[in-house]
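Residue numbers (this note's numbering): 439 to 654. Note that CB positions come from ideal geometry on N, CA and C, so glycine has one too. Taking it in order: structure first as structure tokens, then the write-up.
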Amino acid sequence: LKQQGYAIAILTDRSATAAAIRDAIKELAQALDPDRGTFLFYFSGHGYRAGEANYLATYGTTSADLANQGLSVSEVQRLLQTTGARQRLAFIDACRNDPNARGASPQRTFTDFQASEGLRVLYSTAPGKVSYEDDELQHGVFSYYIIRGLRGEAAGSDGMITFDDLQQFVTREMKNYGVPRRRIQVPYQLGESTGDFLLARIANRPATPGTNEPTQ
439 LKQQGYAIAI LTDRSATAAA IRDAIKELAQ ALDPDRGTFL FYFSGHGYRA GEANYLATYG
499 TTSADLANQG LSVSEVQRLL QTTGARQRLA FIDACRNDPN ARGASPQRTF TDFQASEGLR
559 VLYSTAPGKV SYEDDELQHG VFSYYIIRGL RGEAAGSDGM ITFDDLQQFV TREMKNYGVP
619 RRRIQVPYQL GESTGDFLLA RIANRPATPG TNEPTQ
């Protein structure tokens, strides 16, 4: 992302509290040109589902008190809406199962994340499912293919990497990875937009005439 000109804020371990994440989103938003930029939120870690709500396990979160300690995905949505960015994306590499469930039905419909215009979300897995890690890959499987895709493997013949390009690449590669290992994990997409989002352009490939550079 730095190579593509994005301003970056990275929070890990003890620095990745819910409060710190909220502050980082607000601070990065100040650097954006109103109604022009692309704001990308990426989370890799533990995640939980409680009822119809999905939570990111920030530093200090326990499954027993998700509502007060976790960062809900719906709050992330609201924060992204306040950035003023024309294009807002969220990539979430986390499980979406209920850690406190006791025989509860897994067939709930994910409804708490109400998509808005200009918002695209790509979860690493479907509701109620787990998200796999791989020591050999040194990443979550979803994160591994997101990185490969953004580094160029998801690019179309014109050298452009759009959200749809990346989603299709990651879904295909995760299937190729998971089927022989019996670790099936299917990314789950939410959101709507007035068109596809351009994320990056690979060097040394000509752009399609009339295509603008991505703005960050």
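For residue 498, the closest C-alpha among the options 474, 455, 460, 523 is that of 455. A Cβ-Cβ distance of about 23 Å is found for the pair residue 523 and residue 485, leaving them out of contact under the 8 Å criterion. In this structure, the CA atom of residue 625 is about 14 Å from the CA atom of residue 587.
With a threshold of 16 other beta carbon atoms within 10 Å, residue 611 meets it and is buried.
One alpha carbon belongs to residue 521, the other to residue 468, and they sit about 8 Å apart.
The Cβ-Cβ distance between residue 600 and residue 628 does not fall below 7 Å. Three or more beta-carbon pairs separated by less than 8 Å are not found between the stretch 499 to 511 and the stretch 573 to 581, which leaves the two stretches without contact.
For secondary structure counted as the alpha helix (DSSP H) over 4 or more consecutive residues, the stretch 494 to 544 holds these complete runs in sequence order: 504 to 507, 511 to 519. Residue burial is scored here from C-beta neighbours: residue 592 has at least 16 other C-beta atoms within 10 angstroms and is therefore classed as buried. Nearest to residue 441 by alpha-carbon distance, out of 562, 590, 623, 452, is 590.
Going by DSSP, residue 459 is part of the alpha helix (DSSP H) stretching over 456 to 467. Looking from the CA of residue 531, the closest CA among 571, 516, 557 belongs to 571.
Counting only the Cα atoms, residue 525 lies some 20 Å from residue 640. With respect to the 7 Å criterion, residue 527 and residue 558 are classified as neighbours on the basis of their beta carbons. Sixteen is the threshold: when 16 or more other Cβ atoms of the shown chains lie within 10 Å of the Cβ of residue 487, as they do, the residue is buried. When beta bridges are read from the DSSP output, residue 492 appears opposite 487.
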